Ligand code: SIN
């Protein structure tokens with residue numbers, strides 16, 4: 007009798023377990039690694055993605071977010087992704103140079119007048135096609151995320167290109183950005199984001215270029231007495247994953263994960279628009295750094311010296327692509 011009851015209970019437990027899915031099935035883990043602080047567009051987007059996935063796919067997929075270069079820095083994350091040590095990241099578009107030359111388009115100085123033009127180009131066929139530019143290298147672009155337009159921070163006031171001559175500037179790992187600073191006779195140094203604050207603080211470098219949100223959240227404004235509101239370039243991101251990981255997901259999970267990501271990106275883009283204003287204001291209020299505005303004549307001088315960089319990279323990026331991006335300003 008006792009044996010019969012025990013067997014019946016065991017059978018019931020097993021069928022209940024199968025009804026909700028095998029209890030021993032491990033969730034898919036998505037390690038999302040990034041280099042910025044949590045109070046930034048990318049930080050907020052990644053956390054939103056984690057929450058949406060937990061809400062909708064709890065138990066089946068788990069997103070773990072690693073901010074502030076905790077897991078991998080700029081230059082290692084894509085290698086780690088191809089080795090399966092991390093599943094998602096959103097490096098800035100300047101950091102894909104080793105995998106595709108096309109994405110260097112986004113580094114061309116004075117290409118986009120504002121973020122509306124960036125949005126217009128990124129949602130065009132040309133912009134969307136670029137998400138697949140690294141497929142052969144095993145990386146899949148899942149979407150673009152905004153941060154915003156870059157400003158120049160420095161240890162001395164910069165109003166015209168001649169003011170930069172001889173200064174050392176940290177740049178992201180992009181040959182276009184190197185050419186941009188060489189065009190104004192400055193010395194560009196490719197360094198990881200995690201080292202920028204110390205390099206500025208110790209005066210190993212004179213300046214750097216970044217968005218209001220990065221300048222604020224990483225406290226660059228505390229060690230840079232001047233910020234020139236130049237809006238000379240773009241700092242946006244591509245959310246990427248490895249083709250192997252992505253195609254290993256079931257169709258159902260891939261659709262749901264992508265849906266959650268798209269919603270998180272929309273949220274992150276709103277945060278970016280907001281932070282471009284509020285973080286700038288916080289820097290002004292801090293009185294630690296003086297913000298310099300350019301007159302139209304001064305801005306025209308920067309455009310004149312930096313724009314020839316476009317021609318230099320035209321053969322790698324493609325003239326048609328550059329034209330398509332530039333025409334998004336209309
Ligand atoms: C980032 O926003 O991900 C970092 C940008 C930089 O390296 O300057």
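Numbering (my numbering), first residue to last: 7 to 336. Idealized CB from N, CA, C, for every residue including glycine. Just so we're clear, the structure is a prediction, and the values are computed from it rather than from any experiment.
Residue i, buried or exposed, once every other Cβ within 10 Å from all chains shown has been counted against 16
i: residue 272; result: exposed
i: residue 237; result: buried
i: residue 33; result: exposed
i: residue 10; result: In this predicted model, residue 10 has a pLDDT of only 49, less than 50, meaning its place in the structure is not dependable enough to derive any value.
i: residue 138; result: exposed
i: residue 292; result: exposed
i: residue 156; result: buried
i: residue 152; result: buried
i: residue 240; result: buried
i: residue 325; result: exposed
i: residue 39; result: buried
i: residue 216; result: buried
i: residue 58; result: buried
i: residue 283; result: exposed
i: residue 331; result: buried
i: residue 89; result: exposed
i: residue 208; result: exposed
i: residue 281; result: buried
i: residue 140; result: buried
i: residue 256; result: exposed
i: residue 295; result: buried
Three-state secondary structure (DSSP) of residue i
i: residue 100; result: helix
i: residue 40; result: coil
i: residue 19; result: Residue placement at residue 19 is poorly supported in this model, since its pLDDT is 47, which falls under 50; the coordinates are not used for a value here.
i: residue 56; result: helix
i: residue 61; result: helix
i: residue 72; result: strand
i: residue 148; result: strand
i: residue 182; result: helix
i: residue 160; result: strand
i: residue 224; result: coil
i: residue 171; result: coil
i: residue 119; result: coil
i: residue 204; result: helix
i: residue 51; result: helix
i: residue 305; result: helix
i: residue 139; result: coil
i: residue 112; result: helix
i: residue 251; result: helix
i: residue 77; result: coil
i: residue 107; result: coil
i: residue 331; result: helix
i: residue 190; result: coil
i: residue 210; result: coil
i: residue 229; result: coil
Beta-carbon spacing of residue i, residue j below 9 Å
i: residue 160; j: residue 247; result: no
i: residue 154; j: residue 219; result: yes
i: residue 328; j: residue 117; result: yes
i: residue 167; j: residue 232; result: no
i: residue 194; j: residue 183; result: yes
i: residue 145; j: residue 249; result: yes
i: residue 274; j: residue 101; result: no
i: residue 69; j: residue 78; result: no
i: residue 245; j: residue 150; result: yes
i: residue 189; j: residue 175; result: no
i: residue 51; j: residue 277; result: yes
i: residue 298; j: residue 308; result: no
i: residue 259; j: residue 67; result: yes
i: residue 186; j: residue 285; result: no
i: residue 127; j: residue 334; result: yes
i: residue 108; j: residue 322; result: yes
i: residue 75; j: residue 200; result: yes
i: residue 62; j: residue 279; result: no
i: residue 97; j: residue 243; result: yes
DSSP bridge partner residues for residue i (one or two, in chain order)
i: residue 298; result: 234
i: residue 196; result: 177
i: residue 154; result: 241
i: residue 95; result: 39, 246
i: residue 166; result: None, per the DSSP bridge assignment.
i: residue 67; result: 34
Range of the contiguous beta strand (DSSP E) that encloses residue i
i: residue 213; result: 213-216
Span of the alpha helix (DSSP H), counted from its first residue to its last, around residue i
i: residue 133; result: 131-135
i: residue 336; result: First-last for residue 336: undefined, no H or E at that position.
i: residue 273; result: 257-292
i: residue 315; result: 315-323
i: residue 87; result: 83-88
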